[in-house]
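Working notes, structure below.
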Amino acid sequence: MSLPNDYTERVYAGVLGKIIGVYLGRPFEGWTYDRIMAELGEIWYYVHERRNVPLIVTDDDISGTFTFVRALADYGYRRDLTPAQIGQTWLNYIIEERTILWWGGLGNSTEHTAFLRLKQGIPAPQSGSMALNGKVVAEQIGAQIFIDGWAMVAPGDPELAAELARRAASVSHDGEAIYGAQVVAAMEAQAFVESDINRLIDTAVSLIPRDSIIYRLIQDIREWHAQEKDWRKTRERIAAHYGYDKYGGNCHMVPNHALIIHALLHGEDDFQKTLMIANTSGWDTDCNSGNVGCLMGIKNGLAGIDAGPDWRGPVADRLYLPTADGGRAITDAVTEAIHLVNSGRALAGLAPITPKGGARFHFSLPGSVQGFQPETEVESRDTVTVENVLLPQELADEPGRRGLALRYRHLAPGRVARVSTPTFIPSLAVAEYFERRGYALLASPTLYPGQTVRAAVAADAGNATPVRCALYLRYYGPQDELVLRRGPWVELAPGARHEFAWPVEETDGAPIAAIGVELSQDYRADGTVYLDFLTWEGTPRVTFRRPDFEGSMWRRAWVNAISVYGQRWPEAYRLIQNQGRGLLIQGTREWQDYRVTAPLTPHMVKATGIAARVQGLQRYYALLLAPENKARLVKVLDGETVLAEVDFPWRYQRTYELSLTVQGSRLEASIDGQLLFQVQDPDPSLASGGVAFVCEEGRVASEWMRVEGMDVKSSSAHGG
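If you read the sequence shown in the working numbering, its first letter stands for residue 19, the second for the next number, and so on.
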């Protein structure tokens, strides 16, 4: 598999097309064509404001698409990745009844049904089989809506994309649902090297059975399109021959796949018109629109998206991926595109790319802003705009280097310019909204005290005067109001460049919500400052505890995979797990070498402890107070391995201080200051990850957890 020269940019366009399509169709998901026309008219642009809902949402289409494909990274980028391994990826990242899926119940929601099968020990592909779940359940739409990532890691290789799609789809689906998923994946993979829609369809249908309904449906729609160029009349024929009345369940694959083919054929190769047809036609609008947007993004690139209205500005690359890996929940289209690109490169036997030395925010793709937007509080409203540009040659280390132009205007005493990007849930109101609609935004912050923020800024040579510049962050303070904390100021003369290194200080247990750049002046001034990159490094030195003020966002910084985790109790953390093992998780996959310590008071619990290098619910190390008066060091990696064990007569109601150190391949564990275990684990699978409280069948309490980085190394995340 050779990669196209513009592979990275085309993947980015595909990711953008996916999220734009989902955001466009989400406010009226499930509506009929007649209702859409009566209440909204043809859907040429976002309608979220008319529906009084947010634009950027948590959604199964997005969460599943960019989560399940992580199976490639978690299992060593093997081309022979199995359905069973993808099923384990479901169990690792999905928190039951809380993340990714529509939790509609056994026999009603296809994905919920498959998840329950997996949880019962039934591996994929049996978990999604028609033999086990019945034809109607097995042939719903989910196989198609989650499939785009598998195509984007196989550019120009529709056979591989279709095969990966088959394995991934079989975790939860069967029959026609798999064929529909294969068609979408094959078209998207081939779209990296072929621009003609009809040739893409020809390639895709050659990979599915000729006697399938999906094959016949595509042939019918192609014939109808050849006979009639009015998309509305073709839609009527689809409703008559392949409508919801003929295919049962809540959201069948067949009718919605028909609308995808219909929109692609009638869309005249135009991103906006194709999305308009997919959305105005009704049924599962966000799903269909997401697949169509992804395909059109890959095929026509960023230029195709930018040819119409401003799709990208309101989105600003933002997306949410709530999973058991909470440090990845607050993310952006560039970050997810790079993950997919590096998966594709690994499958092709190539080394990963690390733009600007692996900087978190590097702005290397045209038009990318990675969530950076002007803040709108009174003192900074309308003082700055954000634009992705080629950096001036005298300020860049290399030709073609991109960054953000922060164009400020009307700066004066009392007026500042602030531009920031989220590092956690943007507000309490946002968190509560998503909880009400059933797709909670479970997330951990991406930035923590003890880490060092690094950024490079430069003043345009044409500025008339110097400008002051500082980094700043916002964290949640009393009543969950955002508190501003600013780093040191630097004065930038015209043409000057400066690199910040700002250690983040403790926030009294409160999560950091945003990071940004502030500009100020002592007199009226206009000009431009360039942001080359912004990143951070190191493992935190932080104590998680109840802050000394009222608020709830400190609790929400923990990813809740526990039966009961409430705020009414006197302890900072009272965890209750009714069945099996539960985790309360915080941190990011980037944390490597550190010590985690916490006091635990067990109350009628089977086992309890702390975990390190947590990568989800099925991947971590843990130090446990275990059954039969044991202390146990375990490795959980798609099953549990006891690394060390010792007699330890622990008791209910007594508090024990557990400490677990992970440094390279070495693990060291102690309880109440007594060293119990020193173990080497050369397996690199758990080289990094967050932390967690562990509770198994019962109740445990704690007041704090401390994380201390063991070996903070300097980063090269700035270089050319």
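Backbone N, C-alpha and C define an ideal beta-carbon position, used for all residues, glycine too.
Please read all numbers here as calculations on a predicted model, not as lab measurements.
The residue from 609, 528, 386 and 132 with its alpha-carbon nearest to that of residue 101 is 132. For residue 550, the enclosing beta strand (DSSP E) begins and ends at 543 to 555. Between the beta-carbon of residue 344 and that of residue 462 there is about 4 Å, and that keeps the pair under the 8 Å contact cut.
Counting C-beta atoms within 10 angstroms of its own C-beta, residue 507 has fewer than 16 neighbours from the protein chains shown and is therefore classed as exposed. Under the 10 Å beta carbon count, residue 693 is surrounded by fewer than 16 other beta carbons and is classified as exposed. Under the three-state reduction of DSSP, residue 659 is assigned to strand.
With fewer than three CB-CB distances shorter than 8 Å, the stretch 367 to 374 does not count as touching the stretch 512 to 526. Secondary structure of residue 516 (DSSP, three-state): strand. Sequence-distant Cβ neighbours of residue 168 in its own chain, meaning closer than 7 Å and more than five residues away, are 87, 179, 182, 183, 186 and 203. For residue 571, the enclosing alpha helix (DSSP H) stretches over residues 571 to 574. Per DSSP, residue 578 lies in no alpha helix (DSSP H); the unbroken beta strand (DSSP E) holding it starts and ends at 577 to 579. Under the three-state reduction of DSSP, residue 210 is assigned to coil, being neither helix nor strand. Judged by DSSP in its simplified three-state form, residue 317 adopts helix. By alpha-carbon distance to residue 162, the top candidate from 34, 702 and 313 is 313. Cβ contact annotation for residue 244 (same chain, cutoff 6 Å, sequence separation greater than five): none. A contact between stretches requires three or more CB pairs, one per stretch, nearer than 8 Å, and the stretch 570 to 588 fails this requirement with the stretch 678 to 697.
Here the alpha carbon of residue 722 sits roughly 43 Å from the alpha carbon of residue 26. When secondary structure is reduced to three states using DSSP, residue 113 falls in the coil class, being assigned neither helix nor strand.
Under the three-state reduction of DSSP, residue 247 is assigned to coil, being neither helix nor strand.
With 16 or more neighbouring CB atoms inside 10 Å of its own CB, residue 255 falls in the buried class. Put simply, the backbone Cα of residue 605 is about 44 Å away from that of residue 60. Taken through DSSP and simplified to helix, strand or coil, residue 312 comes out as helix. In the three-state reduction of the DSSP assignment, residue 412 falls in the helix class, which pools H, G and I.
With fewer than 16 neighbouring CB atoms inside 10 Å of its own CB, residue 228 falls in the exposed class. The C-beta distance from residue 483 to residue 435 rounds to 14 Å, too long to meet the 8 Å contact threshold.
Nearest to residue 80 by C-alpha distance, out of 53, 107 and 35, is 35. Linking residue 280 to residue 128 through their CA atoms gives a straight-line distance of about 25 Å. In this structure, the beta-carbon distance from residue 350 to residue 328 does not fall below 8 Å. Straight through space, the alpha carbons of residue 42 and residue 497 are spaced by roughly 33 Å. The Cβ neighbour count for residue 597, taken over all protein chains shown within 10 Å, is under 16; the residue is labelled exposed.
Nearest to residue 437 by C-alpha distance, out of 601, 388, 457 and 316, is 388. Distance between residue 656 and residue 707, taken at the CA atoms: about 16 Å. Counted as a single uninterrupted DSSP element, the beta strand (DSSP E) harbouring residue 428 occupies residues 420 to 429. Taking C-alpha positions only, residue 672 is separated from residue 445 by approximately 38 Å. Ranked by Cα distance from residue 217, the options 288, 308 and 283 are led by 283. With respect to the C-alpha of residue 156, the residue from 265, 67 and 627 having the closest C-alpha is 265.
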